[in-house]
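Inspection log for the structure reproduced underneath, given as structure tokens.
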Amino acid sequence: MSGFVFKQFKVAQTRSAMKVSTDGILLGAWADLTTSQRLLDIGTGTGLLALMCKQRKPTMQVNAVEIDANACADAQQNFTNSPWPDIKLMQKAIQQVTTTTEFDVVISNPPYFNASLKGQDLARNTARHTDSLSFSELITAFKHLSHQNAFLNVILPCPEAQLFIAQAQLQGLYLVRHCLVQTTATKAPSRSLMCFAYQMQECELTSLTIHGQGAQYSDEYIALSKDFYLKM
1 MSGFVFKQFK VAQTRSAMKV STDGILLGAW ADLTTSQRLL DIGTGTGLLA LMCKQRKPTM
61 QVNAVEIDAN ACADAQQNFT NSPWPDIKLM QKAIQQVTTT TEFDVVISNP PYFNASLKGQ
121 DLARNTARHT DSLSFSELIT AFKHLSHQNA FLNVILPCPE AQLFIAQAQL QGLYLVRHCL
181 VQTTATKAPS RSLMCFAYQM QECELTSLTI HGQGAQYSDE YIALSKDFYL KM
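Each residue of the sequence shown is one higher than the last, beginning at 1 in my numbering.
Here it is, written out as structure tokens:
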């Protein structure tokens with residue numbers, strides 16, 4: 001599939017190694033943007049998360065960073081052709097990004113394969129494997145680019161999420177929202193939506209089931225993502 005059409009924007013994805021996924025849609029719809037005026041999307045890929053967050057809060061200043069040139073080409077096309085061409089895109093490694101004004105919220109659908117076998121597609125390897133952006137480096141980047149009241153939102157498979165939570169704790173961050181996502185009610189959770197903060201507070205733990213009876217989306221998934229899917 002060369003593109004994905006949402007209610008308010010389209011996502012071209014002919015060049016990006018990582019395509020539109022349910023993971024990205026979950027995170028873009030779930031992240032708390034209530035107090036945010038400046039957002040950074042780390043590893044934007046096609047630009048999906050940046051676009052979703054901008055749709056949710058058009059007055060927010062949205063910045064995106066992506067290391068891969070082909071993905072950047074897709075993202076820039078998608079930003080330019082969207083209702084929000086003011087989304088700013090940087091092509092560089094997040095470890096090289098500096099800012100004079102700190103971000104209120106950082107969002108990322110990060111690479112999470114640590115030791116799995118790699119294929120021949122170097123761009124896909126970069127997007128999927130932690131070699132170019134480890135969990136520790138992502139957390140360090142968040143701390144370098146944000147202020148003490150900022151939040152970090154990520155989605156990961158549940159086993160990797162536990163590793164990420166441990167690394168975040170080592171670096172002085174606290175899990176304040178955690179949503180366990182399962183594809184159906186009979187399956188164990190497969191994804192963790194997580195929000196981290198500098199200040200310790202009681203973690204808000206919730207759950208979400210994507211599919212209800214048959215292949216239909218559940219009411220709770222529709223409620224979360226109906227502003228984006230054409231078919232909802």
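Think of the CB as a built atom: it goes at the ideal place given N, C-alpha and C, for glycine as much as any other residue.
Sequence-distant residues of its chain with Cβ nearer than 6 Å to residue i (five each side left out)
i: Asp-41; result: Leu-49, Ala-50, Ala-64, Ile-107
i: Arg-177; result: Cys-195, Glu-204
i: Phe-164; result: Phe-135, Leu-156
i: Glu-160; result: Tyr-112
i: Met-200; result: Tyr-174
i: Val-97; result: Val-65
i: Asn-109; result: Asp-23, Gly-24, Leu-27, Ile-155
Residue i versus residue j - alpha carbon distance
i: Gln-171; j: Leu-152; result: 13 Å
i: Gly-212; j: Thr-99; result: 44 Å
i: Thr-22; j: Ile-222; result: 12 Å
i: Thr-14; j: Asp-68; result: 13 Å
i: Ile-234; j: Ser-192; result: The displayed coordinates of the chain run from 1 to 232. Any statement about residue 234 would go beyond what the structure contains.
i: Asp-32; j: Gly-214; result: 30 Å
i: Val-20; j: Gln-8; result: 15 Å
i: Leu-39; j: Lys-187; result: 34 Å
i: Gln-37; j: Leu-133; result: 26 Å
i: Val-154; j: Leu-27; result: 7 Å
i: Thr-101; j: Gln-216; result: 44 Å
i: Trp-84; j: Ala-29; result: 17 Å
i: Ala-168; j: Gln-61; result: 26 Å
i: Asp-86; j: Ser-225; result: 24 Å
i: Arg-56; j: Ala-150; result: 18 Å
i: Lys-143; j: Lys-54; result: 23 Å
i: Gly-3; j: Lys-10; result: 7 Å
i: Glu-220; j: Asp-227; result: 13 Å
i: Thr-209; j: Leu-230; result: 20 Å
i: Ile-139; j: Tyr-198; result: 11 Å
i: Ser-218; j: Thr-59; result: 31 Å
i: Ala-166; j: Phe-79; result: 35 Å
i: Asp-121; j: Gln-162; result: A caution first: Asp-121 carries a pLDDT of 47, below 50, which makes its placement in the model too unreliable to give a value.
Proximal residues to residue i (C-beta, below 8 Å), its chain only, five neighbours per side dropped
i: Val-189; result: Contrary to the premise, residue 189 reads as Pro rather than Val in this sequence. Counting only Cβ-Cβ distances below 8 Å, and skipping sequence neighbours, we find Cys-158, Leu-180, Val-181, Gln-182, Ser-207.
i: Ala-75; result: Ser-16, Thr-44, Gly-45, Thr-46, Gly-47, Ala-50, Ala-64, Glu-66, Leu-89
i: Gln-77; result: Ala-12
Residue environment, residue i, which counts as buried when at least 16 other CB atoms sit within 10 Å
i: Pro-111; result: buried
i: Ala-185; result: exposed
i: Met-232; result: exposed
i: Met-52; result: buried
i: Arg-128; result: Caution is warranted here: a pLDDT of 44 is assigned to Arg-128, below 50, making its placement in the model unreliable, and the coordinate value is therefore given only provisionally. Its Cβ being crowded by 16 or more others within 10 Å, Arg-128 is buried.
i: Asp-104; result: buried
i: Glu-202; result: exposed
i: Ala-18; result: Reading off the sequence shown, one finds Met at residue 18, where the question assumed Ala. When all chains shown are included, Met-18 counts as buried.
i: Asn-81; result: exposed
i: Asn-70; result: exposed
i: Ala-141; result: buried
Sequence-distant residues of the same chain with beta carbon closer than 7 Å to residue i, five excluded per side
i: Thr-35; result: Asp-104
i: Glu-137; result: Gln-95
i: Ser-146; result: Glu-102, Phe-103, Val-106
i: Cys-72; result: Glu-66, Leu-89, Gln-91
i: Ile-25; result: Ser-225, Phe-228
i: Gln-148; result: Tyr-198
i: Val-5; result: Leu-230
Residue-level contact to chain C via CB, residue i, 8 Å cutoff
i: Phe-135; result: In the displayed structure, chain C is absent; only one protein chain is listed.
To test your reading of the DSSP string, which unbroken beta strand (DSSP E) runs of 3 or more residues are found completely within the region 29-111? As far as the region 29-111 is concerned, its whole beta strand (DSSP E) runs of at least 3 residues are 38-42, 61-66, 88-91, 103-108.
Which runs of the alpha helix (DSSP H) at least 4 residues long sit entirely within the region 124-195? Give them in chain order. Fully contained in the region 124-195 are the following alpha helix (DSSP H) runs of length 4 or more, in chain order: 135-145, 158-170.
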